[in-house]
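One structure below.
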Amino acid sequence: MSHYSASELWSIFIMQGFSGLSLFSVLLLMALGLAIIFGQMGVVNLAHGEFMALGAYIVYLCSEIVHNHLPALVPYYFIIAIGVAFLAAALVGLLVEWSLIRFLYKRPLDTLLATWGLSLVMQQSFRSIFGAREVTPTLPDWLMGSFKPTATIDIPINGVFVMGLTLLLTFAVWAFMYRSRIGLQMRATVQNRNMSGAVGINTKLVDRFTFCLGCGIAGVAGAAFTTIGSTGPDSGSRYIVDTFLVVVFGGAASLLGTVASAFGIAQGQSVCEFFLQGTMGKVAVLLLIVTVLMIRPQGLFPGKVRS
Amino acid sequence: MKSNHAYLKTLKRTRVVLAALLASAGLAAGQLRAADFPTATVNTTGLAITDDTVTVGQLHSATGTMAISETGSIEAEQLAIEQINASGGILGRKIKIIVEDGASDWPTFAEKAKKLLVNDKVAAVFGCWTSASRKAVLPVFEKENGMLYYPTFYEGLEQSKNVIYTGQEATQQILAGLDWMAKEKKAKTFYLIGSDYIWPRTSNKIARKHIENVLGGTVVGEEYYALGHTQFGSLINKIKLKKPDVIYAIIVGGSNVSFYKQLKAAGITSDKWNLLTISVTEDEALGIGGENLVGFYSAMKYFQSLENPNNQPFVEAFKAKYGAKAVIGDVTQAAYLGPWLWKLSVEKAGSFDIDKVAAASPGIEFTKAPEGYVKVHENHHLWSKLRIGQWQTDGQAKVLYESALIEPNPFPKGYQ
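Residue numbers (the numbering used here), protein chains in the order written: chain A, 76 to 382; chain B, 97 to 512.
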């Protein structure tokens, strides 16, 4: 690489660092909702990806409505759409918990099958409602383009946006889980359901709320991903593998683990893709994860709970 | 055989007389009456043909991942069949369609192909999209002796008596496009990118040989990303580092949108960079958004914006049937050719029998093709032109270059 100038290599280094961080925030955003549902409640929710797709479709719907009926709102609608995506996904989550999940808390393997079935139903519903073609919402102009601190560095704005949203959401989830009363009840219910019930916590209500929240966060993640890629009926099944990978690798019951694991996987993949080739980069990272999980089956940061 | 031959001769003579009669009666020439082609003689192998109908099958994915891509083909084939029926059908018989769903699952394709050929005894099948689905049904078509019209541009390295390939094979789509880049843009260095499966890999292999051995250029990078990959940051940085004259991209499906959006955000736009792709048609452009593609090039045999006397009525008919917002990509047009080529072959053979249709196919010329003119080669692929289109903000391409008719060469020597 001797025929490249130092400033050129420096620019690439900066942009490469950013692309790793950008992947980190995407992975973390995907995993946050599942870290609550799978990590805290132990529900193997294979339909989690579809909740993300739902959020993305909601943004698309908002975009269509705003562009056709309220063109004055175009520059601002995206922020509102994220909120709507959260509410919609949470609402569907509520419905699913009430009608399906609550009967299966004691049968984790059946949840696996039931949520997989649910994911197929949701995929086909998307296909029937929105059509098989992938859709992209029209994004406001301020989300497009890039910052140019120097002539050779381009930092994509949508990447910065996703990163900011991830930071905000991670902080909110942390504050909620570790600094709020209902977060405390949630963690108590996870650790010892009977005892929690005995001290007066309505465990059923806590379950419902927790599931609802996890789904809502998935909706926000999906909404944010519309700035990066398109949405199709099967988008969810593309997200789900990476999502579980991050949560399992981090250690199921730990928020810190999820963050660390998303960071590790993202930087690893980003560096490997740069020095190896596309698919080989991913293969290298997966091998590494498998090796680590063989040595530490509980993940990077297992939850410390007395059994 | 001899009596049969003699019969065919009489038949031909009758047809000439008949055509003359019809023409003199002021009816559209070419409208054939079923009564002149008794079912017993045009159908000696027990296909699903009656005195007034002929049944065909349609086998695409209406559900699952591939539904995104295959919907256009389904629509185009049905439009062609509707038009053929409106103009009198085939040998005086109306076409009935049995639609089966391959559901984006290759074993399902094989199973449904068998059902269409064995149970329904269809006279022809219009279907498949991915190479994987074609490979899955090919043994079924060869064993049960069916006829498949396959619309997608693909990697080549295949030829069958039972398949007519109405899309381009790899060399038709790749070589002329690279030549144009080398000539017009003085391109010497190329960065090859693809989704990780057989078509992009085979195509890039052909592209690399052509770049290195014929054009005297260099390939500065070649890599593949999993289907559905959405993070191209590292790749984009490598492209910026290597500064190729041409980015040659064969990314498919959902990855496309992320790829082009991220290129734009990273400042790789057409004012400083050349990008040539063989995987973006109007269908993909609709999802990617014209603003993310503007100025980049696609190498295809068909663009919706083509100006010729056949294309305008085709586009109008398509939009009339499927809505003003509908777009037509390369494969959709190729799918539209299928039923017409079959009609011409059946009429040339004077029979629906698979063997006779297959034998009659080479040499069939379709002058009403929206892409202009096509002719079936002995190897069952089509002679066709290659065009370079430059993408505009409205998601349509401006055609900058048109090659001469290119001979299909599914087994290219020196490129394997």
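Glycine included, every Cβ here is placed at the ideal spot set by N, Cα and C.
Chain B residues whose Cβ lies nearer than 8 Å to that of residue i
| i | result |
| --- | --- |
| arginine 313 (chain A) | Gly324, Thr326 and Gly350 |
| arginine 202 (chain A) | Thr159 and Ala163 |
Segment limits, beta strand (DSSP E) that includes residue i
| i | result |
| --- | --- |
| tryptophan 369 (chain B) | Element bounds for tryptophan 369 (chain B): n/a, residue is neither H nor E. |
| tryptophan 487 (chain B) | 483–487 |
| valine 195 (chain B) | 190–197 |
| valine 495 (chain B) | 493–498 |
| valine 342 (chain B) | 342–346 |
| valine 259 (chain B) | 259–261 |
| serine 394 (chain B) | 393–396 |
| leucine 244 (chain B) | 244–246 |
Coil, strand or helix - residue i by DSSP
| i | result |
| --- | --- |
| histidine 476 (chain B) | coil |
| tyrosine 287 (chain B) | strand |
| glutamine 512 (chain B) | coil |
| valine 150 (chain B) | strand |
| leucine 323 (chain B) | coil |
| methionine 116 (chain A) | coil |
| alanine 164 (chain A) | helix |
| serine 457 (chain B) | coil |
| leucine 117 (chain B) | With a pLDDT of 44 at leucine 117 (chain B), under the threshold of 50, the modelled position of this residue cannot be trusted; read the value that follows with caution. The answer is helix: DSSP assigns leucine 117 (chain B) an H, G or I state. |
| phenylalanine 376 (chain A) | coil |
| isoleucine 303 (chain A) | coil |
| threonine 314 (chain B) | strand |
| alanine 81 (chain A) | helix |
| proline 231 (chain A) | strand |
| phenylalanine 222 (chain A) | strand |
| valine 210 (chain A) | strand |
| phenylalanine 251 (chain A) | helix |
| leucine 155 (chain B) | strand |
| valine 101 (chain A) | helix |
| valine 149 (chain A) | coil |
Contact set between residue i and chain A, taken where Cβ atoms lie within less than 8 Å
| i | result |
| --- | --- |
| glutamine 358 (chain B) | Pro231 and Ile303 |
| leucine 331 (chain B) | Glu348 and Gly353 |
Contacts that residue i makes with chain A (C-beta to C-beta distance below 7 Å)
| i | result |
| --- | --- |
| tyrosine 321 (chain B) | Gly353 and Thr354 |
| lysine 417 (chain B) | Going along chain A, no residue has its Cβ under 7 Å from lysine 417 (chain B), so there is no contact; the nearest lies around 16 Å. |
| glycine 363 (chain B) | Ser221 and Asp229 |
Same chain, Cβ closer than 8 Å to residue i, five either side skipped, listed in chain order
| i | result |
| --- | --- |
| lysine 301 (chain B) | Tyr511 and Gln512 |
| alanine 455 (chain B) | Ala445 |
| glutamate 172 (chain A) | Asp282, Arg283, Phe286 and Cys287 |
Terminal residues of the alpha helix (DSSP H) in which residue i lies
| i | result |
| --- | --- |
| tyrosine 432 (chain B) | 426–445 |
| tyrosine 132 (chain A) | 123–144 |
| tyrosine 356 (chain B) | 351–361 |
| alanine 303 (chain B) | 294–305 |
| methionine 162 (chain B) | Neither: methionine 162 (chain B) is in no alpha helix (DSSP H) and is coded neither H nor E. |
| glycine 275 (chain A) | It is not in any alpha helix (DSSP H) - glycine 275 (chain A) carries neither H nor E in the DSSP assignment. |
| arginine 202 (chain A) | 183–205 |
Amino acids of chain B, ordered along the chain, whose beta-carbon sits closer than 7 Å to that of residue i
| i | result |
| --- | --- |
| threonine 211 (chain A) | Val353, Gly383 and Gly385 |
| methionine 105 (chain A) | Neighbours of methionine 105 (chain A) on chain B: none; closest Cβ ~11 Å, over 7 Å. |
| methionine 90 (chain A) | Asn333 |
| serine 94 (chain A) | Gly329, Ser330 and Asn333 |
C-beta neighbour in chain D for residue i, strict 7 Å
| i | result |
| --- | --- |
| aspartate 292 (chain B) | Checking the listed chains, one finds no chain D in this structure; the protein chains it contains are A and B. |
9 Å Cβ cut-off: residues of chain A touching residue i
| i | result |
| --- | --- |
| alanine 206 (chain B) | Simply none; closest approach about 22 Å. |
| threonine 167 (chain B) | Gly206, Ala207 and Arg208 |
Neighbourhood of residue i by C-beta distance below 6 Å, restricted to the same chain and skipping five residues each side
| i | result |
| --- | --- |
| valine 281 (chain A) | Gln260, Met261 and Thr264 |
| threonine 241 (chain A) | Ser100, Leu103 and Leu104 |
| lysine 284 (chain B) | Gly313 and Asp341 |
| asparagine 241 (chain B) | Ile450 |
| glutamate 498 (chain B) | Lys481 and Arg483 |
| serine 99 (chain B) | Residue placement at serine 99 (chain B) is flagged as unreliable, the pLDDT there being 47, under the threshold of 50; a coordinate-derived value is accordingly withheld. |
| valine 348 (chain B) | Ser291 and Ser375 |
Proximal chain B residues relative to residue i, where beta-carbon distance stays under 9 Å
| i | result |
| --- | --- |
| glutamine 199 (chain A) | Thr159 |
| valine 101 (chain A) | Thr326 and Gln327 |
| serine 310 (chain A) | Gly324 and Gly350 |
| isoleucine 87 (chain A) | Asn333, Lys334, Lys336 and Leu337 |
Neighbourhood of residue i by C-beta distance below 7 Å, restricted to the same chain and skipping five residues each side
| i | result |
| --- | --- |
| glutamate 254 (chain B) | Pro506 |
| leucine 359 (chain B) | Ile332 |
| leucine 117 (chain B) | Summary for leucine 117 (chain B): the model assigns pLDDT 44, below 50, so the residue's position carries little reliability; its value from the coordinates is reported in the next sentence. So no residue of the chain qualifies. |
| glutamine 373 (chain A) | Gly326 |
| leucine 123 (chain B) | Its pLDDT being 43, under 50, leucine 123 (chain B) is placed unreliably by the model, and nothing is read from it. |
Original post:
Could you give the uninterrupted runs of the alpha helix (DSSP H) lying entirely in the stretch 170–233 of chain B, keeping only those of 4 residues or more?
Top reply: Under the rule that a run must span 4 or more residues, the alpha helix (DSSP H) segments found entirely inside the stretch 170–233 of chain B read 202–210.
Original post:
Could you give the uninterrupted runs of the alpha helix (DSSP H) lying entirely in the stretch 311–358 of chain A, keeping only those of 4 residues or more?
Top reply: Segments of the alpha helix (DSSP H) lying fully in the stretch 311–358 of chain A: 330–350.
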